[in-house]
Amino acid sequence: MPIDPRSRPRRGHAFAAWLLMALLVGCAAPAPAPVNPAPGADRSQVGQPAGSPEPIAPSAAASEPSGAPTARGDATPETGDRPVTASAPDQLIAQGLASWYGRKFHGRRTASGERYDMHDFTAAHKTLPFGTRVRVRSLQTGKEVVVRINDRGPYRHRRIIDLSQAAITALGVRHRGVTSVELLRE
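In structure tokens, the structure reads:
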């Protein structure tokens, strides 16, 4: 009885099957073992890259105000809220247009489930996780505010963030309706 040549596996199919199997075996490798610190070592440094700066204890920063200019250039003393290092430049998330929403949405539920309060420093962003704090800098006035993401939006072309009425007022551009801003990591 003759063998039909169409019923035999082709070399290309065999190679593809072998390649797929090799790929899957490579993905199934066990995770690397966690690094345990030596006894008496500082646990806060575990997992940090070798060249990363050491964290400053808030109590040390609060007890010794320096009065020196900070990375942002203002000459106010450190209060211990969050240490600012000159080696950590502002990290730009996005640049574009910001709009705002106020009284019409006051008291309504946001996408995060909380009620919108036009007097809080909150904002809507399309992708940033709820609870993320970002610094918004107006390119017209140079003023900055820190807002917490608690909603989704804006859904208009070229707009990157919707600010609460309190936030847009603090930036000094409420009368403009839409304004150019930079979003920076907080």
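Residue numbers (our numbering): 96 to 281. C-beta atoms are modelled at their ideal positions from N, C-alpha and C, and glycine is treated no differently. Predicted, not measured: the structure shown is a model, and the values here were computed from it.
| Item | Value |
| --- | --- |
| With a threshold of 8 Å on Cβ separation, who are the neighbours of A145 within its own chain once the five nearest residues in sequence on each side are excluded? | The predicted position of A145 is uncertain, since its pLDDT is 45 and thus under 50; a value taken from the coordinates is nonetheless stated next. The answer is none, since no qualifying residue turns up. |
| Just the Cα atoms here: how many angstroms apart are L278 and L187? | 6 Å |
| Can you give me the start and stop residues for the alpha helix (DSSP H) that T217 sits inside? | Run containing T217: none in the alpha helix (DSSP H); it sits in the beta strand (DSSP E), 217–219. |
| What does the alpha-carbon distance come out to for the pair R254 and T217? | 16 Å |
| What's the call for Y250, buried or exposed, on a 16-neighbour Cβ count within 10 Å? | exposed |
| How many angstroms separate the CA atom of M116 from the CA atom of H108? | 12 Å |
| What is the DSSP secondary structure of L266, counted as helix, strand or coil? | helix |
| What would DSSP say about R247, mapped onto helix, strand or coil? | coil |
| Just to confirm my understanding: we take R203, look at its own chain, exclude 5 residues before and 5 after, and list those with CB closer than 8 Å. What are they? | R210, Y211 |
| Helix or strand or just coil, what does DSSP make of Q190? | strand |
| Where does D169 sit, in a helix, a strand or coil, going by DSSP? | Because D169 sits at a pLDDT of 42, beneath the cut-off of 50, its placement in the model cannot be relied upon, and the following sentence gives the value as read from the coordinates. Three-state DSSP puts D169 in coil, outside helix and strand. |
| What do you reckon, are the CB atoms on R232 and K238 nearer than 9 Å? | yes |
| Going by CA-CA distance only, name the one from Q260, I244, E281, G267 that's closest to P224. | I244 |
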